[in-house]
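Chains as they are written, first to last, in our numbering: chain R, 47 to 282; chain W, 544 to 939. We put the beta carbon where it would ideally sit given N, CA and C, even for glycine. Beneath this line is the structure, given in structure tokens, with notes to follow.
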Amino acid sequence: MMKNSSHLAIEAHDLTKIYYRGSEEILAVNRVDLSIEEKQFVSFVGPSGSGKTTLINILGCLDNPTSGRLDIFGKNIFDEGETLTEGKLTRIRREIFGYIFQKFYLVPTLTVLENVILPFTFYRKVGAEEDVEKVLKLLGIDHRKNHLPGEISGGEMQRVAIARALVNKPRILLADEPTGNLDAHRSEEIGEILRELNQKERLTVILVTHNLGLAQKAERIVELRDGMLKRLQTDG
Amino acid sequence: MISIFQIAYKNLLRKKTRSVLTILGISLAAWVLTSLFGFNRGYELSLNKDIDNLGYQMLVTAKGCPYEAATLMLKGGTGLRYLKQEVAEQISKEPEVEKITPMVMQAIFDPNKGESGGIAAYLGVDPKTFPQMKGFLQFKAGSWFTDPDAYEAVLGYEAAELEQREVGDLLLIPEKNVELRVVGILSRTGTQDDGTIFLPLSTVQKIFSVKGELTGIGIKLKKETDISGFEERMYALPDVQVVSLSQVKNTIMTLVSTAKVMVFSIALIAVLISIMGVVNTILMSVMERRQEIGILKAMGALAKDIFRLVWFETLILCFTGGLIGVVLALGTSKITDLLIRRVLPYTPSGGLVKIDSLLVVFTMGLISLVGLFSGLYPSWKAGKVRPLETIRSEVE
């Protein structure tokens, strides 16, 4: 089951996350063991409340687990009971992850190009600036770069959000319900883009979705139920 | 690359009306502050100039109301009470006295003055001592009186314009039906002398039948004289009131201080309101953008980056408001001057509102400081937003 750790993007062992709502204890992620290979495209599916977003938040260093261990590209991030500060988590995120969410969160008064290069204001990887035009072209929004978000379609807005996630050359792209605000046609387009990014750009892609059609774009589908992994399906 | 400053600026453009209203609030506070500090500075400077231009350090008048005496000293007055001319001779014998100049002020109603008439004031001065005491006075045309008893007048710059008289013209004293020949017109001094009509002392005494009477005696003391000691001795003279320059200044500043305290309070309230306005605007903007801030943090922004971003937004609002306020204060300083003149019991003759580059820098610095202070809490609050909360609230 466990792969050679030198090829693993993510390796989680016994990951657990417990929330407290008042005095009620909620076991959102229950002792999850999981490996994701480098350059793999994995979809997480499951009903609402199954813990997939909580799990992906921990895998994406947006949250600390309650217990368990997490290694990313062979480097230990969380060890038993260890909690990282927000600053440390941010520094890890800068280096490794790009995020796409259901809402696009584009700044309405910035142009498409300005929105895409917004992450550079806070952090810029060496050589990242030179690839901006390439990213815009790859996502088919280069002709829209001087437009404001209000002047483009929902599908184009999500492409801008993807470009923004890619601009700092992440090693893993995390997409949490990226098509939740889009119609079937646009969802299909975004699914294709994610597949192309995985296949052509060799980017590790982790997708969380309710949309089974979209999930099947991935080479591997992981189902979560009650915070536990139910089935690991490897798709050719 | 887009700078944090550009992002802050463009963020403010999202809610233009809200930003404009906040800027307006700050500019009003800055306007009041600049005008107030300008007044504080201008009033004292003008008062000092007026006092320096008197040419004497002390004025002796008949015993009466000290405020009336102060007004008489600075602005002229009817001087209802009189001193005997012998008092002047007595004072001139004092060893500390360098020079004295006796004066008599008279005022009568002139029906031809203005639309519904007005008070015309005449200052009788000693042709020997007064020009020496006021060595800085220069003539636009003509000169001082030809004879100590001559029926002649010297007009201040504004008095000449108001009466529309030139050297050689005749000037009628209403009620008395006496004509005087204008022999000199003074250059502009920026003091109350500009509006004064000067006559020889004895001529005024004759025309107004106050022979041997004076309304005031200006005294210039020798250097290193103990002024307060001399003042004490003057008080020993019967029915005499002594007004020194420092006293006059203090009396007037006391009168003005009440108005100043009121305006200071208003300015303080205006600044406090604008601080609340800024905090409210920025805090609302932060609350509305919580998810977006969370995304920025997911993208790699640290808490300090978000703090800086929001702080810049506050600074832009405050700096712009401050700049507009200062420009407004500069543009309306003449109107402010006029309004203050209507409200205050006494105003010196020079400009009352003096706004210089130092004051502009000071006000801008103060408003920026207010901005820095106001932005602290919203910026700290924004910096604390966790990306996870963003995603959770999105899921919910």
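Beta-carbon gap between residue i and residue j smaller than 8 Å
i, j, result
"W/G733", "W/G893", "yes"
"R/A209", "R/I187", "yes"
"W/P654", "W/D669", "no"
"W/V647", "W/Q748", "yes"
"R/K171", "R/K134", "no"
"R/A74", "R/G196", "no"
"W/A572", "W/I859", "no"
"W/Q770", "W/S745", "Rather than Gln, the amino acid found at residue 770 of chain W in this sequence is Ile. Their beta carbons are not under 8 Å apart, which means W/I770 does not touch W/S745 by this criterion."
"W/T906", "W/V870", "no"
"W/I643", "W/T672", "yes"
"W/R557", "R/P154", "yes"
"W/S828", "W/C861", "no"
"R/R271", "R/G92", "yes"
"W/G843", "R/R139", "yes"
"W/N596", "W/F682", "no"
Span separating the alpha-carbon of residue i from that of residue j
i, j, result
"W/P930", "W/G585", "54 Å"
"W/L555", "R/V213", "25 Å"
"W/G620", "W/E767", "Low per-residue confidence applies at W/G620: pLDDT is 49, beneath 50, and the placement is therefore not dependable, though the value from the model is reported in the following sentence. Their backbone Cα atoms lie some 31 Å apart in a straight line."
"R/G201", "W/G926", "31 Å"
"R/Q245", "R/A264", "10 Å"
"W/L852", "W/F548", "7 Å"
"R/D222", "R/F90", "9 Å"
"W/I795", "W/E587", "10 Å"
"W/T758", "W/A696", "19 Å"
"R/E235", "W/W574", "56 Å"
"R/G112", "R/Y151", "In the sequence as displayed, the identity of residue 112 of chain R is Thr instead of Gly. For R/T112 and R/Y151, the distance between alpha carbons rounds to 29 Å."
"R/E238", "R/L54", "24 Å"
"W/S730", "W/T739", "12 Å"
"R/H189", "R/E179", "10 Å"
"W/F916", "R/L159", "34 Å"
"W/G622", "W/Q633", "Below a pLDDT of 50, predicted positions are generally treated as unreliable, and W/G622, at 48, falls in that range; no measurement from the model is reported."
"W/V710", "W/V725", "5 Å"
"W/I815", "R/E132", "The question names Ile, but residue 815 of chain W is Leu in the sequence shown. Distance between the alpha carbons of W/L815 and R/E132: 35 Å."
"W/D690", "W/K719", "21 Å"
"W/R885", "R/T157", "54 Å"
"W/G581", "W/R833", "42 Å"
"R/A211", "W/V903", "45 Å"
"W/T890", "W/L590", "8 Å"
"W/L780", "W/A605", "10 Å"
"W/E835", "W/E932", "11 Å"
"R/L258", "R/K98", "14 Å"
"R/R137", "W/I838", "14 Å"
"R/T225", "R/A261", "11 Å"
"R/H231", "R/E126", "44 Å"
"W/S546", "R/K183", "24 Å"
"R/V228", "W/M830", "Contrary to the premise, residue 228 of chain R reads as Leu rather than Val in this sequence. Distance between the alpha carbons of R/L228 and W/M830 is about 26 Å."
"W/K754", "W/K765", "30 Å"
"W/Y778", "W/S635", "15 Å"
"W/V785", "W/E774", "7 Å"
Rounded distance between the beta-carbons of residue j and residue i, thought under 8 Å
i, j, result
"W/A684", "W/I728", "5 Å"
"W/A846", "W/T577", "Not really, about 36 Å apart at Cβ, beyond 8 Å."
"R/I56", "R/S81", "7 Å"
"W/V928", "W/I849", "7 Å"
"W/V791", "W/I594", "7 Å"
"W/D880", "W/L895", "5 Å"
"R/R205", "R/L185", "4 Å"
"W/Q628", "W/E756", "7 Å"
"R/T100", "R/K63", "5 Å"
"R/G329", "R/L61", "A question about residue 329 of chain R goes unanswered here, because the residues of chain R that appear run from 47 up to 282."
"W/L723", "W/V799", "Not quite, the Cβ-Cβ distance comes to about 37 Å (not below 8 Å), so this is no contact."
"W/G699", "W/D736", "5 Å"
"R/L220", "R/I102", "6 Å"
Sequence ranges, beta strand (DSSP E) only - wholly within the segment 117-149 of chain R, length at least 3: Those beta strand (DSSP E) runs which fall completely within the segment 117-149 of chain R and span 3+ residues are 121-124 and 143-146.
Segment contact, 8 Å Cβ cut-off, at least three pairs: the segment 108-120 of chain R with the segment 806-818 of chain W: No, the segment 108-120 of chain R is not in contact with the segment 806-818 of chain W.
In chain order, each alpha helix (DSSP H) run of at least 4 residues that lies wholly inside the segment 155-217 of chain R: List check, alpha helix (DSSP H) in window: 158-162, 178-184 and 200-212.
Every unbroken alpha helix (DSSP H) within the segment 867-910 of chain W, with a cutoff of 4 residues, ordered by chain: Listed in chain order, the complete alpha helix (DSSP H) runs (minimum 4 residues) inside the segment 867-910 of chain W are 876-886.
Cβ pair count under 8 Å reaching 3, the segment 80-90 of chain R against the segment 241-257 of chain R: Judged by pairs of C-beta atoms under 8 Å, the segment 80-90 of chain R touches the segment 241-257 of chain R, as three or more such pairs exist.
Whole beta strand (DSSP E) elements within the segment 657-740 of chain W, 3-residue minimum: Within the segment 657-740 of chain W, the complete beta strand (DSSP E) segments at least 3 residues long are 661-668, 682-685, 695-698, 713-716 and 721-729, listed from N- to C-terminus.
Segment contact, 8 Å Cβ cut-off, at least three pairs: the segment 558-573 of chain W with the segment 811-822 of chain W: Yes, they touch.
Segment contact, 8 Å Cβ cut-off, at least three pairs: the segment 715-722 of chain W with the segment 629-643 of chain W: The segment 715-722 of chain W vs the segment 629-643 of chain W: no contact.
Given 8 Å, three or more beta-carbon pairs between the segment 133-148 of chain R and the segment 104-111 of chain R: Yes, since at least three Cβ pairs between the segment 133-148 of chain R and the segment 104-111 of chain R fall closer than 8 Å, the two stretches touch.
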